[in-house]
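Residue numbers for the first sequence follow numbering that gives the first Met the number 0, beginning at 0 and rising by one.
Glycine included, every Cβ here is placed at the ideal spot set by N, Cα and C.
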Amino acid sequence: MSDQLTLHNTLTGREEIFVPLRAGECSFYTCGPTVYDFTHIGNFRSFLAADLLRRWLESPLCARTAPDRKPEAHAFGQGGYRVRHVMNITDVGHMTDDSAADGAGEDKMEAARKRLAEAKKAGTLPPGVDVDPSDPLGVADYYRAAFVEDARTLSLKVVLDADRDPALLPRATDHIRHMLALILELIERHHAYVDPAGVVYFDTQSFPDYGRLSGNTLEKIRSGAGGRVAATVQASKKHPADFMLWKHDPTHLMRWDPMRVFADAGDAERAELCRKHALKEGYPGWHIECSAMARAILDHDEIDLHSGGEDNIFPHHECEIAQSRCATGKQHFARYWFHPRFLMVNAEKMSKSKGTFFTVRDLLGKGFSPAAIRLELIKTHYRSNANFTEQGLKDSMRMVARWRAFRAKAESIASNDASDPQVEERFARALNDDLNISGALGIINAWINDTPSPTRADGAILDRFDGVLGVLACADEGAPAQSSDGPSDAEIDALLRQRAEARKAKNFAESDRIRDQLAAMNIVITDGPNGATWSRKAAL
RNA sequence: GGCCGAGUACCCAAGUGGACCAAGGGAACGGAUUGCAAAUCCGUCAUUCGCGGGUUCGAAUCCCGCCUCGGCCUCCA
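Quick look at the structure:
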């Protein structure tokens with residue numbers, strides 16, 4: 000428990016008090032999805048953890064908790080940090096098999112193209128979708144649009160914000176020039192070199208801190224090289240850990256000519272540098288985009304927060320740090336590194352063959368609400384392996400229903416007196432403790448139990464909690480239309496009228512028959528003093 | 001093999017040295033309510049924290065060993 004926000008920082012392996020570089024502001028970069036396929040719930044758990052952190056930073060409750068920071072908190076307006084949060088979309092065609100780190104294996108975009116082409120031929124593309132599988136950018140856009148739709152369903156704020164400011168959701172392919180500029184800078188500063196085949200490598204030995212994030216050392220990496228990287232490739236590197244920044248490849252699916260990139264932008268100076276260093280047509284390595292975009296869009300050499308799945312720690316984020324710090328000369332790239340752990344499904348690693356790579360649309364199709372999906376994916380501490388199950392999803396649905404009922408009841412008592420003035424502070428202390436979400440949920444539920452007659456002020460408190468959790472805010476109508484095979488509202492209402500007649504006549508056999516009939520269609524009816532109401536139940 | 005993280009009730013999960021003979025949610029069970037249900041409300045539900053040692057007046061919490069699960073060690077959120 001802490002009066003101030005503490006976060007576990009992967010860089011130091013410790014929990015640290017969060018102090019941003021610029022008072023009241025926070026720059027935050029999240030490694031976003033690759034768009035070669037649908038984004039699954041494991042990806043979303045990681046993005047939602049970042050979203051929760053971002054919402055907490057922005058919450059008035061966050062800054063309000065520390066007594067010694069109250070005057071400063073007022074300077075933030077309503078409290079909370081002004082967060083600039085960027086999440087990238089990786090749409091450059093990288094290799095399925097980077098073991099030859101520089102170009103063996105099938106291109107992932109190529110694989111996606113084939114998959115889509117087959118789906119189109121088989122007529123299994125969703126209705127209304129028109130995608131040209133021969134166009135890699137079109138394929139990327141198709142999956143990007145699907146991602147944005149799912150992210151919106153789950154109220155991922157960075158995606159919602161991108162409606163207003165598209166720069167917050169940058170595509171890698173829109174920033175090739177920034178990547179090349181960074182690569183040139185690294186070459187000029189002797190942190191990168193070009194091999195005879197035109198591959199640009201980062202020189203890891205030029206950066207003594209390489210390995211600090213992951214606890215690796217160059218020695219360990221060298222000894223652990225274990226034959227996974229082809230000997231011919233290794234031969235052209237100065238050190239096995241050196242990684243690719245740019246690959247010359249005139250046959251690649253997505254490729255750019257560095258000189259033309261700068262010439263088209265009117266940057267003759269850099270075009271000349273490309274000639275000088277023999278940068279030729281090809282594509283960027285898979286670490287450089289984040290370094291380039293974070294710097295270009297967040298507009299600072301050092302940022303506050305950087306998040307990504309735990310698998311990104313090495314090598315991806317290690318390499319980002321190396322590139323960025325060598326280019327900027329700063330002590331840090333990001334000051335705090337935030338790494339949510341993997342999501343398991345049914346106590347096992349998610350697996351394609353077991354069919355456990357669920358997407359958000361899969362779950363919506365089963366009748367689960369966006370609010371329940373969001374709650375289920377955020378309710379386990381971000382540094383634990385969460386276990387995703389349908390049972391858990393049902394549990395979450397029940398919790399959402401209780402909150403909704405509380406919220407509805409709170410409308411009826413017009414009082415400005417909160418039933419428990421301390422509850423917000425308890426909630427804040429839990430979240431300040433490295434985002435202790437389970438503790439925070441426990442506090443909300445206990446408070447709801449202890450508050451049988453909530454006032455309007457209590458409703459406002461729940462709204463403030465939900466501003467952080469983003470659960471009730473997930474509008475159910477944000478979901479794609481429910482499967483169309485259910486009965487229409489009019490049909491249901493007609494059956495309910497019949498049942499009301501039967502009950503009036505004490506014909507309970509007929510009344511129960513109608514209730515069973517509706518239940519079979521996943522319609523749950525609730526009898527109350529003012530007649531019956533109904534709701535659609537998740538089909539499990 | 002190296003480096004990390006985790007193991008708390010039927011399930012999910014908080015708690016990291018005394019206020020814990022362990023929050024909260026779900027399930028289950030008993031009761032109220034209901035024509036019967038659903039929903040709601042009331043109550044019950046871990047003398048115990050993966051296993052074995054140790055430190056301490058005191059341990060789920062610290063130390064040692066073991067077992068199991070997960071991540072990384074150039075695809076992966």
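| query | result |
| --- | --- |
| Where glycine 226 sits in the DSSP three-state scheme | Confidence in glycine 226 is poor, its pLDDT being 44 and thus under 50, which makes the residue's placement unreliable; the coordinate value appears in the next sentence. Three-state DSSP puts glycine 226 in coil, outside helix and strand. |
| C-alpha gap between methionine 258 and aspartate 298, whole angstroms | 25 Å |
| First and last residue of the uninterrupted beta strand (DSSP E) at leucine 495 | Counting along the chain, leucine 495 falls outside any beta strand (DSSP E), though it belongs to the alpha helix (DSSP H) covering 488-503. |
| Reduced DSSP category for glutamate 389 - H, G, I as helix; E, B as strand; rest coil | helix |
| Own chain, CB closer than 8 Å to arginine 13, minus 5 neighbours either side, in chain order | His7 |
| Contained beta strand (DSSP E) runs [length at least 3] in the stretch 185-270, N- to C-terminal order | 191-193, 199-201, 243-247 |
| Completely contained alpha helix (DSSP H) runs for the stretch 313-360, where each covers 4 or more residues | 317-327 |
| DSSP state of proline 420 mapped onto helix, strand, coil | coil |
| Cross-strand partners of valine 85 (DSSP beta bridge) | Tyr28 |
| Ordered list of alpha helix (DSSP H) runs contained in the stretch 274-317, each at least 4 residues | 287-297 |
| Classification of serine 58 by the beta-carbon crowding that lies within 10 angstroms, buried from 16 upward | buried |
| DSSP state of serine 172 mapped onto helix, strand, coil | Checking the sequence shown, residue 172 turns out to be threonine, not serine. The answer is helix: DSSP assigns threonine 172 an H, G or I state. |
| Helix, strand or coil at leucine 6 [DSSP, three-state] | strand |
| Inter-residue CB distance, phenylalanine 337 and serine 306 (contact presumed, cutoff 8 Å) | 4 Å |
| Nearest neighbour of glutamine 390, chosen from Ala110, Glu184, Leu179, Ile372 [CA to CA] | Ile372 |
| Those residues which DSSP pairs with aspartate 36 across a bridge | Looking at the DSSP assignment, aspartate 36 forms no beta bridge with any residue, so it has no partner. |
| Three-state secondary structure (DSSP) of alanine 515 | What sits at residue 515 in the sequence shown is aspartate, not alanine. It is helical. |
| CB-CB length for aspartate 248 against tyrosine 200, believed under 8 Å | Not really, about 15 Å apart at Cβ, beyond 8 Å. |
| Where aspartate 526 falls: helix, strand or coil (DSSP) | strand |
| Three-state secondary structure assigned by DSSP to aspartate 90 | coil |
| Residue of Pro339, Lys351, Thr355 minimising C-alpha distance to asparagine 345 | Thr355 |
| Environment of lysine 69 [buried if 16+ CB atoms lie within 10 Å] | Residue placement at lysine 69 is flagged as unreliable, the pLDDT there being 47, under the threshold of 50; the coordinate-derived value follows with that caveat. Result: exposed. |
| Cβ shell of leucine 212 (< 8 Å), same chain only, five flanking positions each side left out | Thr9, Leu10, Ile312, Phe313, His316, Glu317, Ile320, Trp336 |
| Environment of proline 19 [buried if 16+ CB atoms lie within 10 Å] | buried |
| CB-CB length for alanine 501 against alanine 531, believed under 8 Å | That belief does not hold up - the Cβ atoms of alanine 501 and alanine 531 are roughly 12 Å apart, past 8 Å. |
| Residue range of the unbroken alpha helix (DSSP H) whose run includes isoleucine 436 | 436-448 |
| Helix, strand or coil at phenylalanine 410 [DSSP, three-state] | Note that residue 410 is glutamate in the sequence shown here, rather than phenylalanine. Note: glutamate 410 maps to coil in three-state DSSP. |
| Option in Leu468, Arg425, Arg274 with minimal Cα separation from isoleucine 442 | Arg425 |
| Helix, strand or coil at arginine 13 [DSSP, three-state] | strand |
| Cβ neighbour criterion (16 or more within 10 Å) applied to histidine 189 | exposed |
| Cross-strand partners of arginine 535 (DSSP beta bridge) | Ile522 |
| Residues of its chain near lysine 236, where Cβ-Cβ distance is below 7 Å and the 5 sequence neighbours each way are ignored | Tyr200 |
| Whether tyrosine 35 touches methionine 292 by CB criterion (9 Å) | no |
| According to DSSP, residues forming a beta bridge with aspartate 160 | BP columns for aspartate 160 are empty, so no partner. |
| Bounding residues of the alpha helix (DSSP H) (the contiguous stretch that carries alanine 456) | 455-468 |
| Whole-angstrom C-beta distance between alanine 166 and isoleucine 302, which should lie under 8 Å | Contact flag wrong, Cβ pair sits at about 15 Å. |
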